[in-house]
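The sequence shown begins at 64 in the numbering used here and counts up one residue at a time.
By construction, the Cβ of each residue, glycine as well, lies at the ideal position given by its N, Cα and C atoms.
Contents: one structure, followed by commentary.
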Amino acid sequence: MLPETLPPYAPDDPVAYQIRLKGHLGPQWADWFDGLTITLEENGDTLLTGSIPDQAALHGLFKKVRDLGLPLLAVLPAPLPDVSTPFIKENNHE
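What follows is the structure in structure tokens.
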């Protein structure tokens, strides 16, 4: 059963996710992650954020994370991003 706070969705509907990985990805990986926004956190984590077309694509993304050898820390639903192009940003709290 899904929590009441999540909207109902079909397995083939696109859903936005925030995926947290332990370790930083370099800029060369932006294209490999199919338009997801890559955010490098100060604590050493990487956030992948964006719309995933369906559950099959989400499982494909998990395979890519596995192939990189980065530990998967969390997968959470997220608001749809405002941008449509992949980019890498760093969260620097200066």
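Next on the checklist: Suppose you measure from the CA of E105 to the CA of D117; what does that come to, to the nearest Å?
Outcome noted: 30 angstroms
Checklist entry - Which residue from G132, A119 and S114 puts its Cα closest to that of D88? => result Looking at the sequence shown, residue 88 is not Asp but Leu. The shortest Cα separation from L88 among G132, A119 and S114 belongs to G132.
Item to check | Helix, strand or coil at A93 [DSSP, three-state] | outcome: coil
Checklist entry - Can you give the beta carbon distance from I101 to A93, rounded, assuming they're within the 8 angstroms contact cut? => result 6 angstroms
Checklist entry - Can you name, in chain order, every residue of its own chain whose Cβ lies under 8 angstroms from the Cβ of E157, other than the five neighbours on each side? => result Confidence in E157 is poor, its pLDDT being 48 and thus under 50, which makes the residue's placement unreliable; the coordinate value appears in the next sentence. No residues qualify anywhere along the chain.
Checklist entry - For G107, which residues from the same chain have a beta carbon less than 8 angstroms from its beta carbon, with the 5 sequence-adjacent residues on both sides left out? => result K85, G86 and H87
Next on the checklist: Using a Cβ-Cβ cutoff of less than 7 angstroms, which residues in the same chain neighbour A141 once the five nearest sequence positions on both sides are dropped?
Outcome noted: A79, Y80, Q81 and T112
Checklist entry - What do you get for F96, buried or exposed, if any count of 16 or more other CB atoms within 10 angstroms of its CB means buried? => result buried
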